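These notes are about the structure you will find just below.
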Ligand SMILES: Cc1cc2nc3c(=O)[nH]c(=O)nc-3n(C[C@H](O)[C@H](O)[C@H](O)COP(=O)(O)O)c2cc1C
Ligand code: SF4
Ligand code: FES
């Protein structure tokens with residue numbers, strides 16, 4: 001096994017009482033905050049984050065420092081920070097680990113991010129399904145107010161900040177940044193048409209930054225250890241891709257499915273899927289061979305076993321037909337897994353979670369689910385596969401037919417599963433429905449008419 | 453004639469809800485927190501409570517109802533069971549038998565996902581990824597996460613809850 005750097009984001013995880021201020025301070029906690037408010041201006045904090053090359057860990061990989069500079073200059077305020085802890089992407093649980101086991105690391109990151117962006121209120125939008133995170137975060141926030149890491153004039157500076165927890169109610173779309181904002185405002189979580197972008201007009205129509213939990217945890221270490229440390233890990237920009245900004249820093253990878261040791265592991269960006277499975281996951285379970293893996297949450301598509309040597313960074317996954325790195329949550333499927341079942345599960349998820357306001361997404365996800373149901377029940381026809389691909393290629397932001405990226409997330413597993421495993425789908429259909437004949441249900445209204 | 457209508461929201465609930473006002477620049481932002489306050493106490497949010505929440509927040513009842521009905525969380529016609537168990541059916545759990553566990557539990561309890569047993573003790577729900585995939589298949593019950601479920605452990609859970 002090659003030498004991997006010591007974990008940083010997970011350094012405290014597993015220690016006794018790792019969630020308490022006492023333990024956190026023993027390991028250098030809140031020193032970065034002290035340094036920032038005493039020695040650095042907000043602009044200097046933005047600059048070091050920009051120099052580090054940090055890209056958002058919530059799925060889209062947008063450069064964090066750059067996003068912060070989109071806030072209007074000299075705005076009278078208030079500016080809001082929304083911390084995205086909705087984490088509902090199937091396969092993903094790294095934010096949960098950070099919040100449960102090291103909430104102060106997250107909070108220090110939030111305070112620093114608010115200092116940089118001059119936000120005076122942060123809302124942490126936490127999914128309902130994380131009750132332990134709620135308790136630990138609230139206790140940690142209370143500890144911070146008592147020590148003046150939060151509240152008025154933090155550590156004697158003129159910077160003041162409140163952090164409020166806000167509980168979600170079981171809806172994946174609340175993770176989309178404008179869906180989150182609508183939900184926070186007390187409405188149904190219908191994503192907004194952009195522009196205006198949240199940086200200009202976000203929560204309560206004020207400038208707003210939305211950042212992921214792991215992103216702000218990285219900010220803490222960048223301020224503490226410097227941009228060069230962060231840049232010493234990862235992958236530089238791909239010269240053949242002018243839109244790649246490189247993939248720097250440590251990353252949390254969630255590993256689950258058919259592996260011997262599922263869990264959340266820290267490694268530099270650029271580790272390959274195979275290294276992750278073998279070195280950290282202890283290999284595919286039951287001595288079986290791998291067949292496929294989702295590389296970054298279910299919405300990112302599918303890797304076939306031959307593609308397991310692809311680096312898990314922001315650039316490389318696009319080269320093998322996946323949407324991207326997503327949340328770096330790898331779900332492994334062994335050779336006994338049916339791709340029909342996989343795709344059915346994926347289509348069912350997106351159909352259930354579509355917010356319904358864009359027709360291509362609402363109808364496309366429902367239609368693909370109905371077809372997968374039909375195929376699974378032995379009534380599939382070969383031409384269903386082309387129809388599914390057509391749906392996959394026509395819904396989403398990337399062909400430009402929907403408001404948010406949920407539809408892309410629904411499309412990628414369809415495109416990848418059928419293109420990469422077409423033979424298996426064809427065989428399934430041929431074996432279960434050799435004549436290609438479709439049993440149609442009689443339409444109840446017509447049956448009644450005929451009876452008259 | 454003015455009928456005295458029994459209030460659904462207790463004074464404690466109202467106090468808990470109004471205490472949240474200073475956190476947000478609008479009262480509408482308190483909709484979800486308020487729904488949670490009521491749901492935590494009553495295990496559902498009846499229509500009458502919607503009207504009272506709307507009054508508190510200076511909204512039309514339809515606005516509150518619109519928000520409520522969007523989320524998978526809140527029941528209206530009758531309370532969910534004393535125990536509400538969310539069994540994950542998403543990909544990592546499915547790969548390790550989550551769907552079978554869910555089906556087995558529903559069969560045993562005689563309900564479909566989302567329904568409550570006749571004794572009112574148990575509601576079984578399907579969940580989309582609980583964010584605990586390393587313990588697949590898993591189930592969230594109140595604040596407890598049940599890890600690495602098997603048919604046997606799930607069966608015991610249902611048995612204990614229903615008796
Ligand atoms: C359907 C959908 C669901 C999303 N869910 C999450 C989520 O649970 N957590 C998250 O941080 N970002 C999620 N995102 C991405 C956010 O919209 C946003 O890009 C991110 O929170 C920005 O934070 P970052 O720049 O720190 O990555 C989701 C996006 C989409 C389209
Ligand atoms: S793409 Fe789908 S989830 Fe996103 S806004 Fe449109 S309908 Fe809603
Ligand atoms: S897939 Fe079941 S907890 Fe994530």
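Chains as they are written, first to last, in my numbering: chain A, 1 to 452; chain B, 453 to 615. Even glycine gets a Cβ: it sits at the ideal position worked out from N, Cα and C. It should be emphasised that the depicted structure is a prediction, and the values quoted were computed from it without experimental measurement.
Interface partners of residue i on chain B, CB under 7 Å
i	result
residue 187 (chain A)	519
residue 258 (chain A)	547
residue 117 (chain A)	Simply none; closest approach about 18 Å.
Residue range of the alpha helix (DSSP H) that includes residue i
i	result
residue 108 (chain A)	103-117
residue 184 (chain A)	177-184
residue 477 (chain A)	Here chain A comprises residues numbered 1 to 452, so residue 477 (chain A) is not present and cannot be evaluated.
residue 547 (chain B)	543-547
residue 134 (chain A)	131-146
residue 213 (chain A)	213-225
residue 42 (chain A)	42-52
residue 92 (chain A)	That residue, residue 92 (chain A), is in no alpha helix (DSSP H); it is neither H nor E in DSSP.
residue 606 (chain B)	603-614
residue 465 (chain B)	463-470
residue 65 (chain A)	64-69
residue 308 (chain A)	From DSSP, residue 308 (chain A) is part of no alpha helix (DSSP H); its letter is neither H nor E.
Start-to-end residues for the beta strand (DSSP E) that takes in residue i
i	result
residue 377 (chain A)	Careful: residue 377 (chain A) lies outside any beta strand (DSSP E) and carries neither H nor E.
residue 8 (chain A)	Here residue 8 (chain A) belongs to no beta strand (DSSP E), and DSSP marks it neither H nor E.
residue 121 (chain A)	121-126
residue 80 (chain A)	80-85
residue 496 (chain B)	Residue 496 (chain B) -> no beta strand (DSSP E), and no H or E assigned at all.
Min CB distance residue i to chain B below 8 Å
i	result
residue 265 (chain A)	no
residue 92 (chain A)	yes
residue 103 (chain A)	no
residue 170 (chain A)	yes
residue 106 (chain A)	no
residue 149 (chain A)	no
residue 322 (chain A)	no
residue 183 (chain A)	yes
residue 144 (chain A)	no
residue 404 (chain A)	no
residue 17 (chain A)	no
Simplified DSSP state of residue i, which is helix, strand or coil
i	result
residue 403 (chain A)	coil
residue 453 (chain B)	Confidence in residue 453 (chain B) is poor, its pLDDT being 49 and thus under 50, which makes the residue's placement unreliable; the coordinate value appears in the next sentence. Coil at residue 453 (chain B), not helix or strand.
residue 254 (chain A)	strand
residue 281 (chain A)	coil
residue 453 (chain A)	Because chain A is modelled from 1 through 452, residue 453 (chain A) falls outside the range shown and cannot be assessed.
residue 591 (chain B)	strand
residue 167 (chain A)	strand
residue 369 (chain A)	helix
residue 266 (chain A)	strand
residue 294 (chain A)	strand
residue 210 (chain A)	strand
residue 229 (chain A)	helix
residue 576 (chain B)	strand
residue 15 (chain A)	coil
residue 422 (chain A)	helix
Listed by chain order, chain B residues near residue i by CB distance under 9 Å
i	result
residue 418 (chain A)	Simply none; closest approach about 17 Å.
residue 337 (chain A)	547
Cβ neighbours of residue i in the same chain (closer than 8 Å, five flanking residues each side left out)
i	result
residue 56 (chain A)	62, 63, 64, 67, 211, 212, 215
residue 112 (chain A)	32, 33, 36, 45, 216, 219, 220, 223
residue 27 (chain A)	11, 12
residue 437 (chain B)	This structure gives no information on residue 437 (chain B), because the portion of chain B shown stretches from 453 to 615.
Own chain partners of residue i with C-beta closer than 7 Å, once the 5 adjacent residues on each side are dropped
i	result
residue 578 (chain B)	539, 541, 554, 565
residue 169 (chain A)	128
Close Cβ partners of residue i (< 6 Å) along its chain, the five nearest in sequence each way excluded
i	result
residue 358 (chain A)	402, 403
residue 192 (chain A)	178
residue 580 (chain B)	542
Under 8 Å from the C-beta of residue i: neighbouring residues of chain A
i	result
residue 543 (chain B)	90, 91, 257, 294, 298, 331, 342, 345, 346, 349
residue 591 (chain B)	Chain A residues near residue 591 (chain B): none, gap ~11 Å exceeds 8 Å.
Listed by chain order, chain A residues near residue i by CB distance under 7 Å
i	result
residue 582 (chain B)	129
Neighbour flag for residue i against chain A, beta carbons, 8 Å
i	result
residue 539 (chain B)	no
residue 606 (chain B)	no
residue 522 (chain B)	yes
residue 558 (chain B)	no
residue 475 (chain B)	yes
residue 586 (chain B)	yes
residue 453 (chain B)	Low confidence applies to residue 453 (chain B): its pLDDT is 49, below 50, so where it sits in the model is not reliable, and the reading given next is rough at best. No, because no Cβ of chain A sits closer than 8 Å to the Cβ of residue 453 (chain B).
Chain-ordered chain B contacts of residue i [CB-CB under 8 Å]
i	result
residue 352 (chain A)	580
Residue i Cβ short of 7 Å to ligand 5 heavy atom set
i	result
residue 173 (chain A)	In terms of ligand content, the structure shown lacks ligand 5 and carries ligand 1, ligand 2 and ligand 3 instead.
Test: residue i CB closer than 8 Å to a CB of chain E
i	result
residue 495 (chain B)	Looking for chain E here will not work: the only protein chains present are A and B.
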